[in-house]
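Residue numbers for the sequence shown follow this note's numbering, beginning at 3 and rising by one. Where a beta carbon is used, it is the ideal one built from N, C-alpha and C, also for glycine. Before any comments, here is the structure.
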Amino acid sequence: MQPGPPGPGGCFNRLFRRLRVDTIVLLVACCAFLPLVFSPPHLMDDVDAVQAQIARNMLASGDWVTARLNGIAYLEKSPLIYWIMAGSYKIFGVHDWSARLPLALINIALCWVTARFALWAFGRCAGIYSGVILATCVGIFLFTRILIPDAALTLTITLALWSMLRLLDAEEPRPGRWLLVLYVSLGCGLLLKGLVAAVFPVFIGGIYLAIARPMSLWEIVRRLRPFAGLAIVLVIAAPWHILATLRNPPYFDWTMHSSPGEYHGFFWFYFLNEHLFRFLNMRYPRDYNTVPRLWFWLLHFVWLFPWSLTLPLAFRQSYRTNDRAGRTRLLGLVWVLFILFFFTLSTTQEYYSLPIYPALAMLLGSQLAERERYPRWARMALGSVLALCLAAIAFLLVYTAKLPTPGDISAALTQNPDLYTLSLGHMSDLTLQAFAYLRLPLIVAGCALLIGVVSLMRAQRTGRVVAGLAVMMLIFLQAARQALITFDPYLSSYQLAEALEKAPPGELIEGDAYYAFSATFFYANRPALFWNGRSANLEYGSYAPGAKKVFIDDAQLKGLWLSPQRMYALVYGTDMPHMKVLLDQHFSVVAKSGGNYLLANR
Numbered sequence: 003m004q005p006g007p008p009g010p011g012g013c014f015n016r017l018f019r020r021l022r023v024d025t026i027v028l029l030v031a032c033c034a035f036l037p038l039v040f041s042p043p044h045l046m047d048d049v050d051a052v053q054a055q056i057a058r059n060m061l062a063s064g065d066w067v068t069a070r071l072n073g074i075a076y077l078e079k080s081p082l083i084y085w086i087m088a089g090s091y092k093i094f095g096v097h098d099w100s101a102r103l104p105l106a107l108i109n110i111a112l113c114w115v116t117a118r119f120a121l122w123a124f125g126r127c128a129g130i131y132s133g134v135i136l137a138t139c140v141g142i143f144l145f146t147r148i149l150i151p152d153a154a155l156t157l158t159i160t161l162a163l164w165s166m167l168r169l170l171d172a173e174e175p176r177p178g179r180w181l182l183v184l185y186v187s188l189g190c191g192l193l194l195k196g197l198v199a200a201v202f203p204v205f206i207g208g209i210y211l212a213i214a215r216p217m218s219l220w221e222i223v224r225r226l227r228p229f230a231g232l233a234i235v236l237v238i239a240a241p242w243h244i245l246a247t248l249r250n251p252p253y254f255d256w257t258m259h260s261s262p263g264e265y266h267g268f269f270w271f272y273f274l275n276e277h278l279f280r281f282l283n284m285r286y287p288r289d290y291n292t293v294p295r296l297w298f299w300l301l302h303f304v305w306l307f308p309w310s311l312t313l314p315l316a317f318r319q320s321y322r323t324n325d326r327a328g329r330t331r332l333l334g335l336v337w338v339l340f341i342l343f344f345f346t347l348s349t350t351q352e353y354y355s356l357p358i359y360p361a362l363a364m365l366l367g368s369q370l371a372e373r374e375r376y377p378r379w380a381r382m383a384l385g386s387v388l389a390l391c392l393a394a395i396a397f398l399l400v401y402t403a404k405l406p407t408p409g410d411i412s413a414a415l416t417q418n419p420d421l422y423t424l425s426l427g428h429m430s431d432l433t434l435q436a437f438a439y440l441r442l443p444l445i446v447a448g449c450a451l452l453i454g455v456v457s458l459m460r461a462q463r464t465g466r467v468v469a470g471l472a473v474m475m476l477i478f479l480q481a482a483r484q485a486l487i488t489f490d491p492y493l494s495s496y497q498l499a500e501a502l503e504k505a506p507p508g509e510l511i512e513g514d515a516y517y518a519f520s521a522t523f524f525y526a527n528r529p530a531l532f533w534n535g536r537s538a539n540l541e542y543g544s545y546a547p548g549a550k551k552v553f554i555d556d557a558q559l560k561g562l563w564l565s566p567q568r569m570y571a572l573v574y575g576t577d578m579p580h581m582k583v584l585l586d587q588h589f590s591v592v593a594k595s596g597g598n599y600l601l602a603n604r
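In structure tokens, the structure reads:
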């Protein structure tokens, strides 16, 4: 069965009719994601630089099983994303851009696979729309600007579910190829994000099959060949899990709680603490936060912007399973609802729902492909929102026109550390004065919004509106990148690393947990002692037998600081009053950036 014909409105215009779906989607995705590879902005403190440093440590040590930071075992994450980044380092050298390049390519591949999935199910226009929607929505940019494996996980889930549909399609000419894609995707997913990578496709597929009943159970088993598939998955995923368990004993500890000072090995931490206990909000240490459930659902209208205003229409389509399009829509609906309800019952971060975005993009793409004209009410509503945002930008530019901008942007921000365990927690630090530092990003964003408003006013055909909104978002994303450059001193300790590299050799002490100044550790590539920092992600590994003794208290800090050895300390600005009392002001400031300090004892 060939893909369906284009919708009544045709594609973007005569030029785009001559281009392949692949060309259009890859061009848009490359424009969206490849600029994010380059620095600045530099790698951010917290998980961004942590992931990059783990990959570097694996490459340097040759230990591809146990991730380590500062010599401490880091047992909570699967390793495939580290292996991919380490491979990039091996080819291009260790740089922040070579750490980011694999994720950018994964994002591009995700948009392309989504477009091809929609092309197969709905036709050419739906393929283009789906890929463009996914590449240009706000959420994909926000949740893939840091080095986390969730985009790669989303890619494996999308491939697995598409493979299942193709294997159940009576007209599929290459079932062997898609059988391999299905189970290789599941195996790679397990090495990217753990058990959830198999739970999602298996349960989504199972619920879909229970509703659709496309054929007899025996025929489903014959086509999907689950036992052969399980063997493929185990060959890919089992070796690392077995080696990690053997190298980090005790092997099988079933303790149902943990507390400071206790160590139960890799198996307990990875399978029980990181999977089961995190789902039940019992994980120790509790170094994370959770988004309120109502906001978790409603914020998807923000993450899918500017396409979200047509989202209600995406669900008002046929889900009858008598054709390929209906079956794909039904799968997409189950896909979205299962993941949302799963995280409604669990602890939740904003980006946890990233795996639903290919399904949402395809539902929207298939709906828009059937319309000659973009819905008038949606154009009016979106145009009003964009106009209001444009007016807000104009107000901010006028309001901040004469405001001084001394130092970097940290001077104009507030501090809300209780919210930093949320992925967008730093957004709460913004003040009106801070926008004085963001004039260039605001101007670029304003130009983007103006293009969007004009497109919505002048265009009515669906293809032209989609093209205009895509151009708007590609420009808007560059404004967002420019804003991140402005925030660089606040979000990254890169400048402190530069100062440390230029200073005479000495031992490094860091105030707080490793994550606090992880960019310094990446760019300077040196170990440290941690002052009152036995918390968060390195706490559990620090209790392992033979773990390096890298955590110190006030008395030990004072003793080291007053010793003849040259010492440096990375500290938050909020720790300076305590440092002045503890060290009787026996220090000099080597560098200051983002409100934080690099101090020296001589």
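Residue closest to residue i, alpha-carbon to alpha-carbon, out of the options
{"i": "Ala438", "options": "Val198, Ala447, Ala394, Leu405", "result": "Leu405"}
{"i": "Ala172", "options": "Asp325, Cys391, Ala469", "result": "Asp325"}
{"i": "Ala501", "options": "Leu333, Lys594, Val96", "result": "Lys594"}
{"i": "Leu311", "options": "Leu362, Met166, Ser544", "result": "Leu362"}
{"i": "Ser320", "options": "Phe307, Pro308, Gly334, Trp309", "result": "Gly334"}
{"i": "Arg215", "options": "Ala246, Leu170, Val237", "result": "Leu170"}
{"i": "Phe532", "options": "Ser495, Tyr570, Pro506", "result": "Tyr570"}
{"i": "Ser261", "options": "Ser590, Lys550, Leu572, Ser537", "result": "Ser537"}
{"i": "Gln53", "options": "Phe40, Leu77, Pro42, Pro37", "result": "Leu77"}
{"i": "Asp98", "options": "Ser494, Tyr516, Gly561, Phe553", "result": "Ser494"}
{"i": "Ser590", "options": "Gly596, Leu600, Leu584", "result": "Leu600"}
{"i": "Val39", "options": "Val27, Leu103, Tyr84, Leu61", "result": "Leu103"}
{"i": "Ile56", "options": "Pro566, Ile86, Leu236, Lys551", "result": "Ile86"}
Rounded separation between residue i and residue j - CA only
{"i": "Thr346", "j": "Phe298", "result": "8 Å"}
{"i": "Leu232", "j": "His243", "result": "15 Å"}
{"i": "Leu2", "j": "Arg168", "result": "Given a span of 3 to 604 for the chain in the structure shown, any question on residue 2 remains unanswerable."}
{"i": "Gly448", "j": "Val400", "result": "13 Å"}
{"i": "Lys582", "j": "Gly575", "result": "11 Å"}
{"i": "Trp180", "j": "Asp514", "result": "49 Å"}
{"i": "Leu91", "j": "Asp65", "result": "According to the sequence shown, residue 91 is Tyr rather than Leu. Using only the alpha carbons, I get a separation of about 15 Å."}
{"i": "His277", "j": "Ala117", "result": "32 Å"}
{"i": "Phe489", "j": "Leu193", "result": "33 Å"}
{"i": "Asp577", "j": "Val96", "result": "32 Å"}
{"i": "Asp586", "j": "Ala394", "result": "48 Å"}
{"i": "Asn527", "j": "Arg375", "result": "55 Å"}
{"i": "Arg176", "j": "Pro43", "result": "44 Å"}
{"i": "Lys504", "j": "Asp24", "result": "47 Å"}
Start-to-end residues for the alpha helix (DSSP H) that takes in residue i
{"i": "Tyr570", "result": "Not the alpha helix (DSSP H): Tyr570 falls in the beta strand (DSSP E), residues 569-573."}
{"i": "Phe344", "result": "326-346"}
{"i": "Leu69", "result": "Reading off the sequence shown, one finds Ala at residue 69, where the question assumed Leu. Taken as a continuous stretch (DSSP letters only), Ala69 belongs to no alpha helix (DSSP H), as it is neither H nor E."}
{"i": "Gly89", "result": "82-94"}
{"i": "Gly448", "result": "441-460"}
{"i": "Phe298", "result": "295-300"}
{"i": "Trp114", "result": "98-124"}
{"i": "Ala31", "result": "23-35"}
{"i": "Val467", "result": "464-493"}
Inter-residue CB distance, residue i and residue j (contact presumed, cutoff 8 Å)
{"i": "Phe524", "j": "Ala51", "result": "4 Å"}
{"i": "Trp114", "j": "Ala31", "result": "7 Å"}
{"i": "Gln79", "j": "Ala88", "result": "Here the sequence assigns Lys to residue 79, which means Gln is not the residue at that position. Lys79 to Ala88, Cβ: 14 Å. No contact."}
{"i": "Ala530", "j": "Asn59", "result": "Contact flag wrong, Cβ pair sits at about 14 Å."}
{"i": "Pro287", "j": "Glu541", "result": "5 Å"}
{"i": "Ala199", "j": "Gly191", "result": "3 Å"}
{"i": "Glu512", "j": "Gly535", "result": "6 Å"}
{"i": "Leu458", "j": "Leu384", "result": "6 Å"}
{"i": "Val1", "j": "Tyr272", "result": "Residue 1 is absent from the model: the chain starts at 3 and stops at 604."}
Residue i: first and last residue of the uninterrupted beta strand (DSSP E) it sits in
{"i": "Tyr599", "result": "598-602"}
{"i": "Glu512", "result": "509-513"}
{"i": "Lys195", "result": "Run containing Lys195: none in the beta strand (DSSP E); it sits in the alpha helix (DSSP H), 177-195."}
Nonlocal neighbours in the same chain, by C-beta distance under 8 Å from residue i, ignoring five residues either side
{"i": "Pro8", "result": "The predicted model places Pro8 with a pLDDT of 47, which falls under 50 and marks its position as unreliable; any figure quoted below should be read in that light. The answer, listed in chain order, is Gly125, Arg126, Cys127, Ala371."}
{"i": "Val67", "result": "Pro81, Trp242, Leu245, Ala246, Arg249"}
{"i": "Val2", "result": "Any property of residue 2 remains undetermined from this structure, which presents the chain solely from 3 to 604."}
{"i": "Pro507", "result": "Arg568"}
Cβ shell of residue i (< 7 Å), same chain only, five flanking positions each side left out
{"i": "Ile148", "result": "Met46, Val49, Asp50"}
{"i": "Ser100", "result": "Ser90, Tyr91, Phe94"}
{"i": "Arg604", "result": "Arg568"}
{"i": "Pro203", "result": "Ile159, Ala162, Leu163, Leu188"}
{"i": "Gly543", "result": "Ile74, Ala75, Tyr76, Leu77, Ala549"}
{"i": "Trp337", "result": "Leu163, Ile206, Ile358, Ala361"}
Interface flag, residue i vs chain C, CB-CB below 7 Å
{"i": "Asn72", "result": "Among the protein chains of the structure shown there is no chain C, as only one such chain exists."}
Cβ-heavy atom distance, residue i to the ligand SAH, below 6 Å
{"i": "Val400", "result": "What this structure holds is no ligand at all, so the ligand SAH is not there to describe."}
Chain-order list of residues whose beta-carbon lies under 6 Å from that of residue i (same chain, five-residue window excluded)
{"i": "Ser520", "result": "Asp47, Ala51, Val52"}
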